[in-house]
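A short worksheet on the structure shown next.
Residue numbers (the working numbering): 148 to 694.
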């Protein structure tokens, strides 16, 4: 019988006061015979957003699964900060040679479990992102282009690979796009706009993308931003930005008032610069490789505006992005790479893989109960859902969601601003069945809609029907439930809402308050629902009132 594979992303990196520096979103995955048996984003257990303290927990986590004295194949993911890992108690130690080359497969390494040494593997950060695709697509298509793009990996922040003749081959890796990727995680102007610091840096990308939609990209502003190095270094001198804005555009302000149309256009122009360069790079690589299929991963693949631009470019016939495309997918990518090496295949999974400690959870599909939930939603109630296993990645897809009617801006503001404590400019997303997608957009659905990774323009005469989920620019980040097997509870709920209440779509937002991780188990869900004053909660298909 084949040994299980354990994949870990746990390189530790914090400031002296304990705040997260660069490494974040630690996770652990266990796979057997090409299948994920256990998976945990550490933050879901510790309740610390973007937690990077795997060194504190790894021994106990392995012990929980009976692996402390059992043979298994270990693989871990490196990053730019290094390739070694040691637990705080010293019982777990992992070491690997430093390389200046980006390998296309797992590399041999060494692992110590208490006093027992054994062979192990390490995988570069770039490749772990690439392999995080496999649990959701089974295998790479022949003659496909695979791109990783993030803030920084092992030896690059952008890498390109080609899958040909059944082998993954490196094309290039570099830091040429670092200045632009830093717009979302290390740009002083953006941090000023978002009132952020390095303690809250990992929330900046999502906030900034939402805010940028309020402005219009302007060629003159884009040129001005480029001529001033994107104002990336004005940490202690914001006056430089205001003086330049006054000199070039006659803008007279000395505050970052987010209602200011000029600042909104600056944000939109910054985002458009990023998109322009991404499309330029993909044009070049498409011409170089002649590949018609794109696999795209890394934190940058969460940018839904950029994803839409890729599709609109017409460069590729098929585009794949995993639901855990950011660093929370690195442990899964590492385990998948080794399992693929061992077995030659990976089975296809749903995105509901966060099951550590809740393996017994099973959702009861009881139609009368689901009808009661639908009735509450139709009456304008706000419901929390914690069914079965949680989603991988940063986005709730129905199992760890807060849902409500989508036709009211006031109700949307209640959910987003009052209950979740989010900023006024951040949008909510609509969830719907496949047939409703065409009704609202006039388009055919895309694979990426399953994971809420695309935005679409809502037809003007249909916007009022889902006014609470339509962003300022008329777009919406739609999630589609394609078939019953995707999520039986939500599928039945959406069916009842349509047939009995003429409601084609509902708001779906992650089950958490600002600054906290998505809920993991029923205890988390009940506590969070009370703190948010939700109207009711669904736990594995059972409807409960909030006392």
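Virtual Cβ for every residue (Gly too), placed ideally from N, Cα, C.
Residues bridged to residue i (per DSSP)
| i | result |
| --- | --- |
| residue 186 | 176 |
| residue 167 | 161 |
| residue 551 | 654 |
| residue 291 | 310, 440 |
| residue 541 | Per DSSP, none; premise fails for residue 541. |
| residue 691 | 684 |
| residue 154 | 176, 222 |
| residue 320 | 306 |
| residue 696 | In the structure as shown, the chain begins at 148 and stops at 694. Residue 696 is therefore absent and cannot be evaluated. |
| residue 561 | Per DSSP, none; premise fails for residue 561. |
| residue 531 | 549, 684 |
| residue 315 | 310 |
When the options are compared against residue i, the one with the closest alpha-carbon
| i | options | result |
| --- | --- | --- |
| residue 183 | 648, 536, 681 | 536 |
| residue 314 | 299, 650, 488, 668 | 488 |
| residue 695 | 665, 479, 623 | Here the chain has residues from 148 to 694 only, and residue 695 is not among them. |
| residue 235 | 586, 443, 588, 261 | 261 |
| residue 246 | 552, 541, 240, 256 | 256 |
| residue 635 | 580, 662, 675, 591 | 580 |
| residue 248 | 227, 333, 157 | 227 |
| residue 293 | 338, 243, 220, 448 | 448 |
| residue 191 | 592, 501, 457, 677 | 501 |
| residue 649 | 553, 405, 300, 598 | 553 |
| residue 608 | 597, 588, 452 | 588 |
| residue 664 | 496, 188, 423, 584 | 188 |
| residue 309 | 430, 215, 403, 436 | 436 |
| residue 355 | 363, 372, 330, 346 | 330 |
| residue 499 | 269, 545, 526 | 545 |
| residue 569 | 220, 422, 240, 357 | 357 |
| residue 281 | 613, 693, 497, 638 | 497 |
| residue 268 | 341, 242, 692 | 242 |
| residue 323 | 425, 389, 222 | 425 |
| residue 434 | 302, 541, 461, 219 | 461 |
| residue 452 | 363, 472, 419 | 419 |
| residue 594 | 213, 458, 215, 528 | 458 |
| residue 302 | 647, 166, 218, 270 | 270 |
Own chain residues within Cβ distance below 7 angstroms of residue i, not counting five before or after
| i | result |
| --- | --- |
| residue 672 | 531, 533, 658, 666, 684, 686 |
| residue 368 | 412, 413, 416 |
| residue 325 | 304 |
| residue 575 | 559, 562, 563, 615, 616, 654, 656 |
| residue 180 | 149, 490 |
| residue 158 | 170, 225, 226, 228, 229, 232 |
| residue 403 | 339, 340, 410 |
| residue 523 | 530, 682, 683 |
Cut-off 6 angstroms between Cβ atoms - residues of its own chain near residue i, not counting five sequence neighbours on either side
| i | result |
| --- | --- |
| residue 578 | 626, 653, 655 |
| residue 306 | 273, 295, 320 |
| residue 265 | 258 |
| residue 172 | 197, 474, 475 |
| residue 177 | 151, 153, 184, 185 |
| residue 465 | 440 |
| residue 168 | 160, 161, 162 |
| residue 592 | 581, 584, 627 |
| residue 299 | 227 |
Residue-level contact to chain B via CB, residue i, 8 angstroms cutoff
| i | result |
| --- | --- |
| residue 546 | No chain B appears in this structure, which consists of one protein chain only. |
Own chain partners of residue i with C-beta closer than 8 angstroms, once the 5 adjacent residues on each side are dropped
| i | result |
| --- | --- |
| residue 520 | 530, 640, 683, 685, 690 |
| residue 409 | 392, 396, 398, 400 |
| residue 707 | Residue coverage of the chain in this structure runs from 148 to 694, which leaves residue 707 outside it and unanswerable. |
| residue 455 | 601, 602, 603 |
| residue 316 | 251, 308, 309, 310 |
| residue 495 | 282, 283, 284, 285 |
| residue 220 | 150, 151, 152, 153, 267, 268, 485, 489 |
(request) Would you mind listing the alpha helix (DSSP H) stretches within the region 572-643 that are 4+ residues and don't spill past its ends, in chain order? (result) 581-588
(message) Could you check whether the region 546-562 touches the region 196-210, counting it as contact only if at least three pairs of C-beta atoms, one from each stretch, sit closer than 8 angstroms?
(response) no
(request) Taking only runs that begin and end inside the region 200-286, name each unbroken alpha helix (DSSP H) of 4 or more residues, in chain order. (result) 201-211, 272-278, 281-284
(message) Going residue by residue through the region 384-462, where are the continuous beta strand (DSSP E) segments of at least 3 residues, counting only ones entirely within it?
(response) 440-444
(message) Across the region 461-478 and the region 615-629, are there enough close Cβ pairs to call them in contact, namely three or more that are closer than 8 angstroms?
(response) Too few Cβ pairs lie closer than 8 angstroms, so no.
(message) Count Cβ pairs between the region 347-357 and the region 428-444 that sit closer than 8 angstroms; are there 3 or more?
(response) no
(message) Would you call the region 563-572 in contact with the region 509-520, where contact means no fewer than 3 C-beta pairs closer than 8 angstroms?
(response) no
(message) Quick check: the region 331-338 against the region 367-381, are at least 3 beta-carbon pairs closer than 8 angstroms?
(response) Three or more Cβ pairs drawn from the region 367-381 and the region 331-338 lie within less than 8 angstroms of each other, which places the two stretches in contact.
(message) For a minimum of 3 consecutive residues, which ranges assigned as the beta strand (DSSP E) are wholly contained in the region 458-517?
(response) 465-467
(request) Would you mind listing the alpha helix (DSSP H) stretches within the region 319-350 that are 4+ residues and don't spill past its ends, in chain order? (result) 325-328, 335-340
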